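*Asks:* So the sequence shown is numbered by the numbering used here: it starts at 29 and just counts up by one. Take a look at the following structure, please.
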Amino acid sequence: MASLSKILISPVLALKNGFLYKIPWKGTLFLALLAAALFLFDLRFLSRHYDWDSIVYTHNIRSDKVAKIFFNPHHIGFESTGYIFAKFWKWAHGPDSLMFGLRLRTLAVAISFIFTLMFAYWRMYSDMVGAVLLGLGVHFTQGFWFYAQHNDTPLIHSCLTACLYLYCVWNAKKGWSAGKLFFAYLLQVWNVYFHQSDTIFLTFVPASVLFSKEWGGAKFELSSKMKWILIYLFGTVFTLTASYLYLGFVVLGRDLVSPTTSERNFANWLFLYASQEKWGASDGPKNYVMNFYRGIGDAFLNFEGVRNGLRIRAADFTDPKAYPYNLNLYFWIGILSVATINLIRLWKEFKVELVLLFLWIGPSLLFYTWWEGYFFEFWVSTVIGLLIFATLVLRSLILSPAYFGTRALTHLLLLAYLLLLFCVNFTFSTYPRSVKPTVSFIEGIEDKYKEITPEPVYGKEWEGPEVQK
Numbered sequence: 029m030a031s032l033s034k035i036l037i038s039p040v041l042a043l044k045n046g047f048l049y050k051i052p053w054k055g056t057l058f059l060a061l062l063a064a065a066l067f068l069f070d071l072r073f074l075s076r077h078y079d080w081d082s083i084v085y086t087h088n089i090r091s092d093k094v095a096k097i098f099f100n101p102h103h104i105g106f107e108s109t110g111y112i113f114a115k116f117w118k119w120a121h122g123p124d125s126l127m128f129g130l131r132l133r134t135l136a137v138a139i140s141f142i143f144t145l146m147f148a149y150w151r152m153y154s155d156m157v158g159a160v161l162l163g164l165g166v167h168f169t170q171g172f173w174f175y176a177q178h179n180d181t182p183l184i185h186s187c188l189t190a191c192l193y194l195y196c197v198w199n200a201k202k203g204w205s206a207g208k209l210f211f212a213y214l215l216q217v218w219n220v221y222f223h224q225s226d227t228i229f230l231t232f233v234p235a236s237v238l239f240s241k242e243w244g245g246a247k248f249e250l251s252s253k254m255k256w257i258l259i260y261l262f263g264t265v266f267t268l269t270a271s272y273l274y275l276g277f278v279v280l281g282r283d284l285v286s287p288t289t290s291e292r293n294f295a296n297w298l299f300l301y302a303s304q305e306k307w308g309a310s311d312g313p314k315n316y317v318m319n320f321y322r323g324i325g326d327a328f329l330n331f332e333g334v335r336n337g338l339r340i341r342a343a344d345f346t347d348p349k350a351y352p353y354n355l356n357l358y359f360w361i362g363i364l365s366v367a368t369i370n371l372i373r374l375w376k377e378f379k380v381e382l383v384l385l386f387l388w389i390g391p392s393l394l395f396y397t398w399w400e401g402y403f404f405e406f407w408v409s410t411v412i413g414l415l416i417f418a419t420l421v422l423r424s425l426i427l428s429p430a431y432f433g434t435r436a437l438t439h440l441l442l443l444a445y446l447l448l449l450f451c452v453n454f455t456f457s458t459y460p461r462s463v464k465p466t467v468s469f470i471e472g473i474e475d476k477y478k479e480i481t482p483e484p485v486y487g488k489e490w491e492g493p494e495v496q497k
């Protein structure tokens, strides 16, 4: 009897003296309550705007057909997990208002990520105020906030990329192990499943392993690092390759003998995003500078209604229409200037973070500017990385002799930028889209649109969306 009680009690004691005991519950509870309040705020002003992608993806999930669920190979994780969620939604709520349910799924992921970001920053740098400001700042950017409220692809894969970055920074400093590497493998694979383009971030884990000094509590030698990096890369690439081959050839019945223009052709399916309608490779010259400017600018601040000319008018700083965008430009010029001037200290304090951020932001800037830079959906992930970078740059200004004063100054700068993002994006994007149902860009998919509307969850006030001109 005594031995039985010891067996039953030992796991509880292990948890008490181990992981659960080490968790700072008060701070964690505060961040959880803040995240819950943010979720309720977003729910109150949940977007009621329908566009082409959100309608088509909801239709694919609702169709209950394998060919529809896996029609888009560049984000198979989005529709497939959405399909599983749709089963749960039907069981819990009923068959109607699926678009609403899928928006809740995306919003729940967004808020869970904001909690994770705040928690990770707080635990790594012992700065609760900075963690909250960073989390809210990311949330209130136009790209993140917009897609957190839509059944669309940009949000979830961006959150997974950022989580993989945070996980790699944490383990580079705390040490890796076989279990941690396996979790990174799962995170990386699902990151690619949610968007194929995230294969450009396969360097995260190898770089983190090279920086790590410990493996399972022991010294981590270079030979062991190289061995585990090769195992990790082989396992990740093999899993992705095998799963796409199985899905294409076995589940969907694609082949290699059909014409390359046919949907039955495996290559046509796998590279659909690049082959259909020349996405990312359209004919004619591209203005890469303007594409970058327009896309990443929209990801920070809402430019809806601006049709002609530059959105930034640096020469006319006080122009009311350009003032927020001028401030945004000057903020980032200031961040880059401080980073350049303070580079030695920045590198000394945040070497791991900077290398991993370079592997995140660098490939993103090059690839997305070349691909479809003028769509702000592609910049959601990059903007998260840039805001982390800005926070670290400001943190490098904190001086030990005047710790609290200099830290308060960096917090005030982040708070001011956060308020700029909130005021502009809530006023011109979030609030207007929450007032009444609207729809745009549905030419040719009116039938799919009618199938997913109306949404009885909104009650008697539903009268059908108003088409935006």
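In this text, a Cβ means the ideal position worked out from N, Cα and C, and glycines have one as well. Just so we're clear, the structure is a prediction, and the values are computed from it rather than from any experiment.
Where in the region 163–238 do unbroken runs of the alpha helix (DSSP H), each at least 4 residues long, occur, reported from the N-terminal end onward?
*Replies:* 170–176, 182–202, 206–222
*Asks:* Rounding to the nearest angstrom, what Cα-Cα distance links Leu188 and Asn293 in this structure?
*Replies:* Indexing the sequence shown from 1 puts residue 188 at position 160. Indexing the sequence shown from 1 puts residue 293 at position 265. Cα to Cα, Leu188 sits roughly 30 angstroms from Asn293.
*Asks:* Would Phe23 and Ala206 qualify as a contact pair, given that the criterion is a beta-carbon distance under 7 angstroms?
*Replies:* Not covered by the structure: residue 23. The range shown for the chain is 29 to 497.
*Asks:* Check each candidate in Arg72, Asn219, Phe98, Glu483 and name the one with the smallest Cα separation from Ser108.
*Replies:* For the purposes of this step, residue 108 is identified with residue 80 of the sequence shown, where counting begins at 1. Out of Arg72, Asn219, Phe98, Glu483, Phe98 has the C-alpha closest to the C-alpha of Ser108.
*Asks:* Please identify the residue among Phe395, Ala65, Tyr358, Pro465 whose C-alpha is closest to the C-alpha of Phe143.
*Replies:* For the purposes of this step, residue 143 is taken as residue 115 along the sequence shown, with counting starting at 1. With distances taken between Cα atoms, Phe143 lies closest to Ala65.
*Asks:* May I ask you to report which of helix, strand or coil DSSP gives Glu242?
*Replies:* Locating residue 242 in the sequence shown gives position 214, counting from the first residue. DSSP, read as helix, strand or coil, puts Glu242 in strand.
*Asks:* Around the Cβ of Phe262, are there at least 16 other Cβ atoms within 10 angstroms (buried) or fewer (exposed)?
*Replies:* Counted from its first residue, the sequence shown places residue 262 at position 234. Residue burial is scored here from C-beta neighbours: Phe262 has fewer than 16 other C-beta atoms within 10 angstroms and is therefore classed as exposed.
*Asks:* For Ile112, count neighbouring Cβ atoms within 10 angstroms of its own Cβ and tell me buried if that reaches 16, exposed if not.
*Replies:* One-based indexing of the sequence shown puts residue 112 at position 84. Answer is exposed; the Cβ neighbour count stays below 16.
*Asks:* List, from N- to C-terminal side, the alpha helix (DSSP H) runs of 4 residues or more that fit wholly inside the region 361–420.
*Replies:* Those alpha helix (DSSP H) runs which fall completely within the region 361–420 and span 4+ residues are 371–377, 379–400.
*Asks:* Quick check: Phe168 and Asn453, are their CB atoms within less than 7 angstroms of each other?
*Replies:* If you number the sequence shown from 1, residue 168 lands on position 140. If you number the sequence shown from 1, residue 453 lands on position 425. In contact: Phe168 and Asn453 (Cβ atoms closer than 7 angstroms).
*Asks:* By a C-beta neighbour count over all protein chains shown, 10 Å radius and 16 as the cutoff for buried, is Trp150 buried or exposed?
*Replies:* Reading the sequence shown from its first residue, position 122 is the one you call residue 150. Trp150 comes out buried.
*Asks:* At the level of alpha carbons, what is the spacing between Tyr486 and Arg131?
*Replies:* Walking along the sequence shown from the start, residue 486 turns up at place 458. Walking along the sequence shown from the start, residue 131 turns up at place 103. Cα-Cα distance, rounded: 14 angstroms.
*Asks:* What is the residue span of the alpha helix (DSSP H) that Phe141 lies within?
*Replies:* Residue mapping note: residue 141 aligns to position 113 of the sequence shown, counting from 1. Phe141 -> alpha helix (DSSP H) spans 126–153.
*Asks:* Once you ignore the five residues that flank Pro391 on each side, which residues in its own chain have a CB closer than 7 angstroms to its CB?
*Replies:* Sequence index remark: in the sequence shown, residue 391 carries index 363 (1-based). Same-chain partners within the cutoff: Ile228.
*Asks:* Mapping DSSP to helix, strand and coil, what is Asp283?
*Replies:* For the purposes of this step, residue 283 is taken as the residue at position 255 of the sequence shown. Asp283 falls in the strand class under three-state DSSP.
*Asks:* So is Ile89 buried or exposed if we call it buried at 16+ other beta carbons inside 10 Å?
*Replies:* Position 61 of the sequence shown holds residue 89. Buried, by the Cβ-count rule.
*Asks:* Return the chain-ordered ranges of every beta strand (DSSP E) run that is complete within the region 49–104 and spans a minimum of 3 residues.
*Replies:* The region 49–104 is shown to contain no whole beta strand (DSSP E) run of 3 or more residues.
*Asks:* Do Ile412 and Ala190 have their beta-carbon atoms positioned less than 7 angstroms apart in this structure?
*Replies:* As a working mapping, residue 190 is identified with position 162 in the sequence shown. As a working mapping, residue 412 is identified with position 384 in the sequence shown. Cβ distance < 7 angstroms, so Ala190 and Ile412 count as in contact.
*Asks:* Would you mind sorting Gly323 into buried or exposed? The rule is 16 or more other CB atoms within 10 Å of its CB.
*Replies:* Mapped onto the sequence shown, residue 323 falls at position 295. Counting of Cβ neighbours within 10 angstroms places Gly323 among the buried residues, the total reaching 16 or more.
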